[in-house]
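For reference, the structure is listed below as structure tokens.
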Amino acid sequence: MKIIAWLTDQIRRRKESSRNKNLSERRADAIENGTFSDESTFGGRDFDEKYRLAMRLTQNYVDQHYPNSYHAKQTKDFDQTIDYEGVRTDAISILSSSICASLRQGAGAEKAASVAIMKI
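Going letter by letter, the sequence shown gives residues 29 to 148 in my numbering.
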């Protein structure tokens, strides 16, 4: 009886392995052909559009509150000891990651932009 159970288990495992391999090969072919679409893998198709829109919505805020070195020199509050480019880069990095996280959770572009601005 142990041999029959072992054989049955081996057959089941090999069938499952073969099925998974075929599925993976079909998905790989579909990805290479550009016909594969799976929301759980690649997210929505409009993620990039929402991300770009959210970044455009926050552009003015970043420009006003985190000027680059050239524009910072033209203000009366210019301080040579501050690394304006570094501060701006950090702010944009936080902004970008916040927008991505919000969009992945299903927020719209406007909501993601406002949440990201609050996190800076």
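Beta carbons are placed, not taken as given, at the ideal position from N, Cα and C, and that holds for glycine.
Assigned exposure category for residue i - 16 Cβ within 10 Å defines buried
i, result
"K78", "buried"
"A33", "exposed"
Residue i in three-state terms, based on DSSP
i, result
"T103", "coil"
"T109", "coil"
"A140", "helix"
"Y94", "coil"
"I148", "coil"
"A135", "coil"
Chain-order list of residues whose beta-carbon lies under 8 Å from that of residue i (same chain, five-residue window excluded)
i, result
"H99", "D91"
"S97", "Y112, E113"
"P95", "T103, Y112, R116"
Cutoff 6 Å; reference residue i; Cβ partners in own chain excluding five residues on either side
i, result
"S141", "According to the sequence provided, residue 141 is Ala. The question's Ser does not apply to it. Closer than 6 Å at Cβ, skipping near neighbours: A82, L85, T86."
"K30", "none"
"R132", "none"
"E60", "none"
**Prompt:** Whole alpha helix (DSSP H) runs in the region 37-91 with 4 or more residues, listed along the chain?
**Reply:** 67-70
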